[in-house]
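Colleague: So the protein lines, in turn, are chains A and B.
Sequential numbering of the first sequence, starting at 3, is according to this note's numbering.
Sequential numbering of the second sequence, starting at 495, is according to this note's numbering.
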Amino acid sequence: MSARIVVIGAGPSGLHFARTLLERGIAVTLVDAGRQRGAAPRPELTLDGLKRELPDATEFFLGREWQAFVRPDREDEYYGLPPAKDYVFESAPGQATRSEGFEPLSSFAAGGLAEAWTGGSYPFTASETRAWPFEWAELHAAYGRVARRIGISGASDDELRDVFPAHDGLLEPLPLDSHGAALLASYQAARERIRARDHVRLGYARIATLSRALGDRPACHACGRCLWGCPSDALYTPSVTLRECARDARFEYRSGWLATHLRLDAGGRATGVALRSLDGAREETLAASAVVLAAGALGTSRVVLESLARSGERAELPGLMDNRQVLMPFVNLHLVGKRFESASYQYHQLALAYEPGAPRDAAHGLFTTLKTALVHPIAHALPGSLARGLGVLRNIHAALGLLNVNFADERRDDCRVALEPAGARGGSRLVLRYAPDRGEPARVGAALRALRRMLLRLGCVAPPPMTRWRPMGASVHYAGTLPMSRDGGALSCDASGRLRGLRGVWIADGASFPTLPAKNLTFTLMANATRIAERFEPSA
Amino acid sequence: MTEPRALFVTGATGFVGRRVLACAAERFGRVIALARSEPADLPAGVELLHGDLLGPAPRAWERALAGCDAVLHLAATTGKAAPAEYERGIVDATAALAAAAQRAGVRHFVYVSSIAVRFPDRAHYPYAHAKQRAEQRVRESGVRATIVRPTIVAGPGSPVMQGFATLALAPVTPVFGDGQRRVAPIHVDDLAALLVEIAAGEPSAEPIELGGPETFTLDALLSGLRVARGGGPPRLAHLPLAPIRALLAALEPALRPILPLTAGQLATFANDGVPVPSAFRAQRTAALRGVLSADAVAPPAPPRAAAETLRAECGVFARHLLGIAPSPALVQRYVRQQRALGLDAPAGFDALLVAFARRGGLALALADSYAGWLARRSVLRTKLVGVLALLETAPESFAAVDAPDARLAWPRLVLRGVAELATALVAIVLLAPLHVLLGRR
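In structure tokens:
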């Protein structure tokens, strides 16, 4: 039997799992679809420099097919997805999905969906992981190990220190831009009230963007191109770790392949992985002594369900979770008529915690000061004529901000992942059903009212009609379908990530999260995969 | 019977002319089409001749007539024109063509007139008067001729039926008069085939009137059209015909371009438009198409704007949004963008709003404001946003898209709000009725 350890999926989970094994001196094979990012044009230019000097800046910003043009006659988000990041969301054949109450995104990019993330790196607290079947100290140590690898900027001693616990490897915060500084100053002036009446605390964001050089990655030099693709890798994406893994001779990277299912022997032991080439033309089996699934909660669920279906077992996986996200644009009245700085860090500089009492009601917010997103989607979201909307927008552009609010989720029986037959030739498709709990409208509504009040105390107006509840699935924090537990049944994991019900299969991604706090989960994906890899014993 | 040789067709790019070209080859070895503009799609084998019936001599079309067996004269001034334009485009042009055909020895001259020439009540209807005089000129020319008088021409893209559909699809359908006058619309494909057949045959001393297989009262036609276009159960409102015709006739000299319909067009509501029976028609009625089938009532595909029009509107819109003239490169991108996103062929109220906005100045300010309040998904708003998207990514304008006013930002914000409310109010009073009338498709 082959002694090969096969990791499926080159997202944050799979890559940090692989990296940790390599650091332990263990060889690993990583299988991935592996779509590659194109080179960033003219990396030395700032955002304004791109607009001034590219031969066709319109094509760079709006896309060859006008895909980033946000039409007023369609339902769209406030921003067009940068064409340079389209490859992250490009679909793949044979990955059909049907969903109800959920709008799933998936990625076949090397690095996964986090290639298009905004770098928010928020450790879960001990109380947020109380249901997880191991000591928080294990996770805490892994947070430090990941942070030393990827570099995380942020404060460890501000008001959010108990919400975002300190860990190793923290770098000093990035310098705030003028809007960030103004918000923080307003907060400090009104802090007592905001804390007491709105249950909100505000502080520095934690971001995987370098405030000083790390390895071969330079510190962020505030070119303003974050949204359009960081040209220097100062903003960490998992492909950085892929590059590091590739330097190790014990690392084998098989890109261009989709893992469709596991080959199981009569005793339910995985002996290999069935692969299909990304163009659908070739199929092969990769022998394995251990298979580590890290294809993302949905991708991993698909592989597990497909493997079971092929041995005649129809299963459904309850407990699909995702963070509800609400986007709340606001105007900072102190900054009306000011000029805006395009050459500054564009993603979250400040974060907030809303904690009205019960942990279930908590929310976590990220401030973006919304400068280098395209103007036209915002202009046409304003009431009245476009010419006057633009006239207003020119004067409030520097004053605009966006509060992105995340809400916690919990595993529920009626949120499920299943597989159904599709197509003529024995194909299948993933079926997702999601229903928010009944308490959500009241809970989210109360939080939004408190946050709007808090913004007003900061001198910011958030017009209620502009607030947008994003559909479930939009935050791409999928979790919970194969949860870790101390003593669960089949299709749950133990603390080491080993999947019960099958043998030789580990789950290293969000599918194994038993709870989903109101925080970006990506940092915890990396930390938990690292923690599992630190304890990984394939022969056990 | 000898095989006819060549057919000469005028009005070849028109609604009927295009269909004639499509079927003329069945009976004629050669088809020569006279047109003032380049047709979008010319059937194989048709010879296109550019020219104007009243163009300066020597006229190329006169020479082309020499070898022709028959002439099918469809060209006419239609729509909202002044009486003098009808006189020129119908009477003078027909006289010139008939005389030339006579000189060229054409065997058969078919003049396509209109049922309206024998309407008893032709008040304020210069088109009908012109057609009648043109018939007279044909008779006087000495050419061997047949006069054909079609009724309303229906079928996909019919301008007249589209006009009726606009009325039919309004929340309440306005019917001018009692709605009991009768019409027998003919399908354009049937009319085209019959015209070619007539041209191939011998001249007829009596005018031939051509209508469709069914006769409707106007109430029935409008109700049927509403149902066929998915407009739901009919709701008719009968309006007094005489005062409306008088009012339109009084307004026409000054306001003709912006009036939704003319007094002359209302003659249909005052007269029966049913053809007199003839042996020719009696033999063919059974094979004619219905005019209220889903296919036959399809709205016309809106025309795609010319590149020149798009370039012009880009300049107007850019100046409106930002007060700057766009670079040639940006204008080129705009044309590509409009084509790629299918924004170059608006229909219904969208088309009206865009046409209004293209005038620039106050008209554009009103149209933009209207779109911002009551038509946020209109083609106009999407076009304006399209221009903004280009301006914000172009080297010469991106900084201006972000520049705040140099000073007094707050008072200017308030001023913008007040100005917006004022324009919105005027725009809504002016445009909302048209939106209601044209909005449903």
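Idealized CB from N, CA, C, for every residue including glycine.
Bear in mind that the values here come from a model prediction, so they are computed numbers and not experimental data.
Can you tell me where the alpha helix (DSSP H) holding Trp555 of chain B begins and where it ends?
Modeller: Segment Ala554 to Leu559, the alpha helix (DSSP H) holding Trp555 of chain B.
Colleague: Which one or two residues does DSSP pair with Leu260 of chain A in a beta bridge?
Modeller: A:Arg278.
Colleague: Can you look up Ser1 of chain A in the DSSP assignment and give me helix, strand or coil?
Modeller: With chain A covering 3 to 542 only, the question about residue 1 of chain A has no answer from this structure.
Colleague: Under the rule that 16 or more other beta-carbon atoms within 10 Å means buried, what is Asp34 of chain A, buried or exposed?
Modeller: The residue is buried, with at least 16 neighbouring Cβ atoms inside 10 Å.
Colleague: So does the region 366-373 of chain A actually touch the region 283-297 of chain A, counting three or more Cβ pairs closer than 8 Å?
Modeller: Contact fails: fewer than three Cβ-Cβ distances are below 8 Å.
Colleague: What is the residue span of the beta strand (DSSP E) that Tyr356 of chain A lies within?
Modeller: Leu352 to Tyr356 is the extent of the beta strand (DSSP E) around Tyr356 of chain A.
Colleague: Using a 10 Å radius around the Cβ and a threshold of 16 neighbouring Cβ atoms, would you call Pro734 of chain B buried or exposed?
Modeller: That one is exposed.
Colleague: Val446 of chain A and Phe332 of chain A look like a contact to me (Cβ under 8 Å); what is the Cβ gap, rounded to whole Å?
Modeller: Their Cβ separation, rounded to whole angstroms, is 17 Å, which puts Val446 of chain A and Phe332 of chain A out of contact at 8 Å.
Colleague: Are the C-beta of Arg6 of chain A and some C-beta of chain B separated by less than 9 Å?
Modeller: No, because no Cβ of chain B sits closer than 9 Å to the Cβ of Arg6 of chain A.
Colleague: What are the residues of the region 857-878 of chain B that lie near chain A, defined by any Cβ-Cβ distance shorter than 8 Å?
Modeller: Per Cβ criterion, the list reads Ala859, Asp862, Ser863, Ala865, Gly866, Trp867, Arg870, Arg871, Ser872, Val873, Arg875, Thr876 and Leu878.
Colleague: For Arg935 of chain B, which residues in the same chain have their Cβ closer than 6 Å to its Cβ, ignoring the five residues on either side in sequence?
Modeller: Confidence at Arg935 of chain B is low in this model, with a pLDDT of 43, below 50, so the placement of that residue should be treated as unreliable; the coordinate-derived value is given next. Cβ within range, chain order: Gly842.
Colleague: Residues of chain A with CB closer than 7 Å to the CB of Glu886 of chain B, please, in chain order.
Modeller: Going along chain A in sequence order, the residues near Glu886 of chain B (Cβ under 7 Å) are Leu376, Val377 and His378.
Colleague: Around the Cβ of Gln327 of chain A, are there at least 16 other Cβ atoms within 10 angstroms (buried) or fewer (exposed)?
Modeller: With 16 or more Cβ atoms within 10 Å of its Cβ, Gln327 of chain A is classed as buried.
Colleague: Using the Cβ count rule (16 or more neighbours within 10 Å means buried), how would you classify Trp904 of chain B?
Modeller: Exposed is the call here.
Colleague: Any Cβ of chain A within less than 9 Å of the Cβ of Gly880 of chain B?
Modeller: With 9 Å as the cut-off, Gly880 of chain B counts as an interface residue toward chain A.
Colleague: Please check if any C-beta of chain B sits within less than 9 Å of the C-beta of Asp560 of chain A.
Modeller: Because chain A here runs from 3 to 542, residue 560 of chain A falls outside it and cannot be looked at.
Colleague: Can you give the Cα-Cα distance for Thr483 of chain A and Gly65 of chain A, rounded to whole angstroms?
Modeller: The alpha-carbon atoms of Thr483 of chain A and Gly65 of chain A are separated by roughly 36 Å.
Colleague: If you reduce the DSSP assignment to three classes, tell me which class Glu297 of chain A lands in.
Modeller: At residue 297 of chain A the sequence reads Ala, which differs from the Glu that was named. The answer is coil: DSSP assigns Ala297 of chain A none of H, G, I, E or B.
Colleague: Hey, how far is the Cα of Val920 of chain B from the Cα of Leu860 of chain B?
Modeller: Distance between the alpha carbons of Val920 of chain B and Leu860 of chain B is about 7 Å.
Colleague: Cβ closer than 8 Å: which chain C residues qualify as neighbours of Val895 of chain B?
Modeller: Of the protein chains in this structure, namely A and B, none is chain C.
Colleague: Can you tell me which of the three DSSP states Cys417 of chain A falls into?
Modeller: Three-state DSSP puts Cys417 of chain A in coil, outside helix and strand.
Colleague: For the candidate residues A:Phe538, A:Pro540, A:Glu539 and A:Phe525, whose alpha-carbon lies nearest to that of Pro240 of chain A?
Modeller: The candidate whose alpha carbon is nearest that of Pro240 of chain A is A:Phe525.
Colleague: Just to confirm before moving on: does the CB-CB distance between Leu824 of chain B and Glu890 of chain B stay below 9 Å?
Modeller: Going by C-beta atoms, Leu824 of chain B is nearer than 9 Å to Glu890 of chain B.
Colleague: Is any beta-carbon of chain B found at less than 9 Å from that of Lys521 of chain A?
Modeller: No, Lys521 of chain A does not count as interfacial toward chain B.
Colleague: Is it true that the CB of Phe774 of chain B sits closer than 9 Å to the CB of Ser698 of chain B?
Modeller: It is a contact, given that the beta carbons lie within the stated cut-off.
Colleague: Taking Pro331 of chain A as part of the beta strand (DSSP E), name the residues at either end of that continuous run.
Modeller: Note, Pro331 of chain A: beta strand (DSSP E), Arg326 to Asn334.
Colleague: Could you spell out the range, first to last residue, of the beta strand (DSSP E) harbouring Asn530 of chain A?
Modeller: Segment Thr524 to Glu536 is the alpha helix (DSSP H) holding Asn530 of chain A; no beta strand (DSSP E) there.
Colleague: Short of 7 Å in beta carbon distance, which residues of its chain neighbour Leu928 of chain B, apart from the five on each side in sequence? Order them along the chain.
Modeller: So the list reads Phe843 and Leu846, once near-sequence residues are dropped.
Colleague: Shorter than 9 Å from the beta carbon of His382 of chain A to some beta carbon of chain B?
Modeller: Taking Cβ atoms only, chain B reaches closer than 9 Å to His382 of chain A, which makes this a yes.
Colleague: What residues in its chain sit with their C-beta under 7 Å from that of Gly511 of chain B, if we drop five residues either side in the sequence?
Modeller: Correct list, in chain order: Val503, Gly505 and Leu568.
Colleague: Reducing DSSP to helix, strand and coil, say where Ala564 of chain B ends up.
Modeller: In the structure shown, Ala564 of chain B sits in a strand (DSSP, three-state: E or B).
Colleague: Using a Cβ distance threshold of 8 Å, determine whether the region 475-489 of chain A contacts the region 342-362 of chain A, with at least three qualifying pairs required.
Modeller: Contact between the region 475-489 of chain A and the region 342-362 of chain A is absent, because fewer than three Cβ pairs lie under 8 Å.
Colleague: Just checking: is the beta-carbon of Asp838 of chain B within a distance shorter than 9 Å of some beta-carbon in chain A?
Modeller: Cβ-Cβ to chain A under 9 Å: no for Asp838 of chain B.
Colleague: Using 9 Å as the threshold, is the C-beta distance between Val275 of chain A and Arg265 of chain A below it?
Modeller: For Val275 of chain A and Arg265 of chain A, yes; Cβs fall inside 9 Å.
Colleague: So that I know if they touch, is there some Cβ in chain B lying closer than 9 Å to that of Asp75 of chain A?
Modeller: Interface residue, yes.
Colleague: Just by C-beta distance, which residues in the region 31-65 of chain A are closer than 9 Å to chain B?
Modeller: Listed in sequence order: Asp50, Lys53, Arg54, Glu55, Leu56, Asp58, Ala59, Thr60, Glu61, Phe62, Phe63 and Leu64.
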